[in-house]
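See below for the structure under consideration.
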Amino acid sequence: MSRLTSARPLTGTPLRGFINSVSNNVALARVHDEAELERFRDVQRLCYRCAAEVAATLKPGVTERETCRRMRRWLRAHGVDDWLHTPFAWFGDRTAFRGFKFPTQFLPSGARLEEGMPYILDMAPVRDGYAADIGYGGVLGENRIWDRVDADLAAYRTLILDLVRERRTFADVYAEVDALIERQGHQNRHRKYPGRVIGHQVGVIGGILPKRVGFPFGVRFLQTIGRELVKERLEGRSPLWSGAARSQHPPTPGLWAVEPHIAFRGVGVKFEEILVVTEDDAYWLDDDLPHVHRWASLEAAR
Amino acid sequence: MTSPVARRRVRGDGVDLAVYEQGDPARPTVLLVHGYPDTHAVWDEVAALLAERFHVVRYDVRGAGASSRPFGRRRYSFEYLMADLCAVLDAAAPDRKVHLVGHDWGSIQSWEAVCTMPDRFASFTSISGPCLDHAGHWMRRNLSRPTPGNLRRAAGQMARSWYIYFFQTPLLPELLWRGGMSKPFMRALELGEGVAARPGHPARTMGRDAAAGVGLYRANMLRRLRAPLDRRTDVPTQVIVPAKDLFVSPHLVGGLAGRVPNLSLRPIAAGHWVPRSHPGPVARWITEHVTGVLGGPLSAAEARSLRRARVRPGRLPFDGSLVVVTGAGSGVGRATALAFAERGAEVVAADLDPESARRTAELAGLLGPEGHSYQVDMSDPAAMEHFAKSVVHEHGVPDVVVNNAGTGMAGAFLDHTAADSECVLEIDLWDVVDGSRRMAERGEGGRVARRGHDPERVAEQVVAAALRDRAPATGTPEGRLASAASRLSLRLGRVLARAGSN
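Line by line, the protein sequences give chains A and B. Sequential numbering from 4 applies to the first sequence in the numbering used here. Sequential numbering from 2 applies to the second sequence in the numbering used here.
In structure tokens:
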């Protein structure tokens, strides 16, 4: 664990001493450390494996709560020891966040899955300090609208990567994503997330706080994000990626969990995976993912 | 082109019947049964149109025209009428099912026929003549649940039936008809129904026909209305409902769907003698119905028309309607197109930007029937004209045109259609948003600021406006239904809902 506690002390602000002392002194990922990236990649793959396996068990009548329980158990059984947030599952028009007014509505409910219903599984576990945050969209059986929205979602993976490579500001990228959503006739659903974020920074999670969960976010993750909010703010940046003024800065090097979420008429689809941003480039952490393969075969079939 | 009419005599049950045939006998047979006090000639226009595609058979019902006039009311009961009908069927189309069409008393007879001998008929079109048993049940139901609406509808039909009570009086009706009632009747027909006399209709034999035909009312009406039988039929049935009918309330179709599983309704803003006043639509609907039943080739517009008429549970208000939305590539236009598609409409999305119009059509296809897209510059009259022409040519006449970009579209569409065939409801989207035409009337332009409107909410308003009865209300339910029926598909939603639920 010594490597995990290697500090990335803040410099250049009068408050640095104070901030460094209250922070948990854990690094966000170093994007040039291939071994470390491999660890992140492993956790992300683990998540997608979990999503695929749990999705395969979904039958009509299963509730969101039961699905989340299955994901938690699966991940715990595979070495997960902490959470950025506990797993989420949304069924039916809850995938489009229809009628969501309070944050508690994001929490798993007793909604039951039916034939033809879309669903989204969203999980963000931590294993040995390495975190992943993924979103997995699917549908039980056939749904023409879901097929369309899912095929449309593929464009965002390319769009976001291209724009980040051009070093456009995060707010710009967000606006371009919005424009594409408008052209496609869909609804932007990631603006319903806390902070209206399309992405957020992830890193190595550690520290002395207990591995507890509060209102579904992991305590250590909240501590990390809180710290980063302060530290980045001092440098005019934010660990949260939205369309707001605080995101009007070029992409910050690091690992970003990017989660475009679009919906049409009560059918929502999202993907979420880690984008590696370096000083002058960017790439998706992993291209060997279910939705990437699905879209590739769609493209090939056209 | 009018095909020659061959006339022959067929022996019915104790009477000679005059039977008239035209069209190719190898084609499907359509049998047209006239009402009271008409003869086969009431169908002349419709028959000529149908003869281009069908073997058309008509006959003078006993007591009318060139057929015998037996004496005594007993000879006019359903038993004899059915025997006559069978005799005509055996003579004209012995080996196959026929497509039956009835008007007025011909329709009443035909209901009896399709309910008692369904295996002889492939389809049935009823015009302005209810099944007496259904009418009896309908009246009982309305009176046993005496809500103001039910009582009003029941009283409406009772008032329309004044002549039926009069016909129960002995001798007096015959004397009146024989004594020269025909002339005033013809005048009333022209004034009240807008149906001018022409050679053949009303027939020269009208005085005698009408006097003899009173037997139809005396022999059957009270018997059936007093003790209605439990009649139902599986024959595919369409009912043409003239909303301005002075003798048969359009509300009589209420509850029909429960007894006729395969039911279609065709409301039309017309009076009782709709085969005379609107032969075009009547012949077209018969052709569509018959072709649909036979599984023949249908154009997109015909298939939609059938879908629109069909009564079925879960029917959407714009099922089978064609809705054109201009400026449909984005924002409010797109939201409106999708809102209509969601309610069953086939959407034509027009926009200056072809890509966005195509996208709207694609999304509409996800929610409802497959959509279509056109690139149109609405500021260019020639382009607009061309657009209207191609829509009518490829998809048929739209039922609703929503102007988001461009104005005066409905006229352009109607320029390319037959005069009596369709009606187009035109909605200016921004007038709906405005809530009124105040600004337009003041010459300030009908537009309001386009910002700050939630597209989906505006779309809901436009759909609601399309569903609302936008014609000047005439005050009476019949008047409202009449003006509503002139919009065909729009109010059809409500008429159909009643037919399915009541």
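All C-beta atoms, glycine included, are put in the ideal place defined by N, C-alpha and C. Nothing here was measured: the structure is a model prediction, and the numbers come from that model.
Anticipated Cβ contact below 8 Å, residue i with residue j, distance rounded
i, j, result
"residue 414 of chain B", "residue 389 of chain B", "5 Å"
"residue 93 of chain A", "residue 67 of chain A", "7 Å"
"residue 392 of chain B", "residue 399 of chain B", "7 Å"
"residue 404 of chain B", "residue 327 of chain B", "6 Å"
"residue 468 of chain B", "residue 314 of chain B", "Actually they do not touch by this definition, with Cβ atoms about 19 Å apart."
"residue 236 of chain B", "residue 325 of chain B", "No, residue 236 of chain B and residue 325 of chain B are not in contact; Cβ-Cβ is about 36 Å, not under 8 Å."
"residue 61 of chain B", "residue 7 of chain B", "So it is not a contact: roughly 15 Å between Cβ atoms."
"residue 133 of chain A", "residue 42 of chain A", "5 Å"
Chain B contact for residue i (CB, 8 Å cutoff)
i, result
"residue 305 of chain A", "no"
"residue 188 of chain A", "yes"
"residue 344 of chain A", "No information on residue 344 of chain A is available, as it lies outside the stretch 4 to 305 that chain A covers here."
"residue 267 of chain A", "yes"
"residue 147 of chain A", "yes"
"residue 33 of chain A", "no"
"residue 151 of chain A", "yes"
"residue 27 of chain A", "Confidence in residue 27 of chain A is poor, its pLDDT being 46 and thus under 50, which makes the residue's placement too unreliable to answer from."
Proximity winner among the options, relative to residue i (alpha-carbon distances)
i, options, result
"residue 224 of chain B", "B:172, B:300, B:137", "B:137"
"residue 258 of chain A", "A:272, A:276, A:267, A:268", "A:276"
"residue 270 of chain B", "B:246, B:114, B:152, B:256", "B:246"
"residue 292 of chain B", "B:262, B:22, B:31, B:5", "B:31"
"residue 53 of chain B", "B:23, B:59, B:372, B:111", "B:23"
"residue 587 of chain B", "B:43, B:130, B:8", "One cannot answer for residue 587 of chain B here, as it falls past the ends of chain B, which runs 2 to 503."
"residue 260 of chain B", "B:39, B:395, B:132", "B:132"
"residue 310 of chain B", "B:162, B:238, B:300", "B:238"
"residue 331 of chain B", "A:226, A:232, A:189, A:242", "A:189"
"residue 270 of chain A", "A:244, A:69, A:232, A:192", "A:192"
"residue 97 of chain A", "A:41, A:264, A:303, A:286", "A:264"
"residue 173 of chain A", "A:187, A:239, A:185", "A:239"
"residue 294 of chain A", "A:86, A:109, A:175, A:152", "A:152"
"residue 184 of chain A", "A:283, A:56, A:155, A:87", "A:155"
"residue 203 of chain A", "A:179, A:236, A:241, A:150", "A:241"
"residue 83 of chain A", "A:251, A:126, A:274", "A:126"
"residue 62 of chain A", "A:110, A:121, A:36", "A:121"
"residue 285 of chain B", "B:15, B:55, B:229", "B:55"
"residue 250 of chain A", "A:131, A:177, A:90, A:40", "A:177"
"residue 115 of chain A", "A:198, A:281, A:95, A:299", "A:95"
"residue 321 of chain B", "B:348, B:209, B:298", "B:348"
Opposing strand residues paired with residue i [DSSP bridges]
i, result
"residue 394 of chain B", "Beta-bridge pairing links residue 394 of chain B to no other residue."
"residue 73 of chain B", "Partner(s): none; residue 73 of chain B has no beta bridge."
"residue 204 of chain A", "A:259"
"residue 141 of chain A", "A:122"
"residue 404 of chain B", "B:429"
"residue 286 of chain A", "A:279"
"residue 264 of chain B", "B:238"
"residue 10 of chain B", "B:19"
"residue 243 of chain B", "B:269"
"residue 101 of chain B", "B:32, B:125"
"residue 250 of chain A", "Paired residue(s): none; residue 250 of chain A is not in a bridge."
"residue 195 of chain A", "Paired residues: none, contrary to the question."
Inter-residue Cα distance where the pair is residue i and residue j
i, j, result
"residue 93 of chain B", "residue 143 of chain A", "57 Å"
"residue 125 of chain B", "residue 50 of chain B", "18 Å"
"residue 481 of chain B", "residue 45 of chain B", "At residue 481 of chain B the pLDDT is 41, less than 50, meaning the model places this residue with poor confidence; the figure from the coordinates comes in the next sentence. Each residue's alpha carbon lies about 31 Å from the other."
"residue 378 of chain A", "residue 139 of chain A", "An answer regarding residue 378 of chain A cannot be provided, because it is not within the stretch 4 to 305 covered by chain A."
"residue 115 of chain B", "residue 227 of chain B", "21 Å"
"residue 441 of chain B", "residue 429 of chain B", "Low confidence applies to residue 441 of chain B: its pLDDT is 37, below 50, so where it sits in the model is not reliable, and the reading given next is rough at best. Approximately 11 Å, taken between the alpha carbons."
"residue 38 of chain A", "residue 341 of chain B", "55 Å"
"residue 27 of chain B", "residue 98 of chain B", "13 Å"
"residue 183 of chain B", "residue 283 of chain B", "26 Å"
"residue 227 of chain A", "residue 267 of chain A", "34 Å"
"residue 290 of chain B", "residue 307 of chain B", "7 Å"
"residue 217 of chain B", "residue 113 of chain B", "13 Å"
"residue 256 of chain A", "residue 280 of chain A", "5 Å"
Test: residue i CB closer than 8 Å to a CB of chain A
i, result
"residue 364 of chain B", "yes"
"residue 117 of chain B", "no"
"residue 219 of chain B", "no"
"residue 360 of chain B", "yes"
"residue 344 of chain B", "no"
"residue 505 of chain B", "This structure leaves residue 505 of chain B out entirely; chain B is present only between 2 and 503."
"residue 357 of chain B", "yes"
Closer than 8 Å to chain C by CB, residue i
i, result
"residue 367 of chain B", "Among the chains of the structure shown, chain C does not appear; the protein chains present are A and B."
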